[in-house]
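Note sheet for the following structure.
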Amino acid sequence: GHKRLNPLGPGLLGSRAMSDSEADESDLELDDLFKRRRCTDVPCCILFIVGMGALLGLFIYGCIHGNTKKLNHGIDSRGQQCGVDPMVIDKP
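Here the sequence shown is numbered in our numbering, starting from 1305 and rising by one per residue.
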């Protein structure tokens, strides 16, 4: 049969090639590993989705009930929004 070469190069796992029996054992161990895989982070995933939903809800609430002009318009020393309030509508 053919010999498998180490894909990581000679430095990490040695320079000798695996024999066919070693390669077969390695493949079986790998197959077992994939068969035993399972989802382990379900609670974290649920918590993440709930948190993202809460952030989205807050964002929507803020857009509906808030004043988004306060985000990009300055306020002068009298508390008037520059470019928005009637007394300073023509000011930057």
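For every residue, glycine included, the Cβ atom is placed at its ideal position computed from N, Cα and C.
Item                                                                                                : Value
Reduced DSSP secondary structure (H/G/I, E/B, other) of I1353                                       : helix
DSSP beta-bridge partners of Q1384                                                                  : None; Q1384 has no bridge partner.
Cβ separation of H1377 and C1367, assumed to be a contact under 8 angstroms, to the nearest whole Å : Rounded, the Cβ-Cβ distance is 16 angstroms, inconsistent with contact.
Coil, strand or helix - I1368 by DSSP                                                               : helix
Proximity of D1380 and V1392 at Cβ, strictly below 8 angstroms                                      : yes
Beta-bridge partners of I1379, as assigned by DSSP                                                  : Q1385
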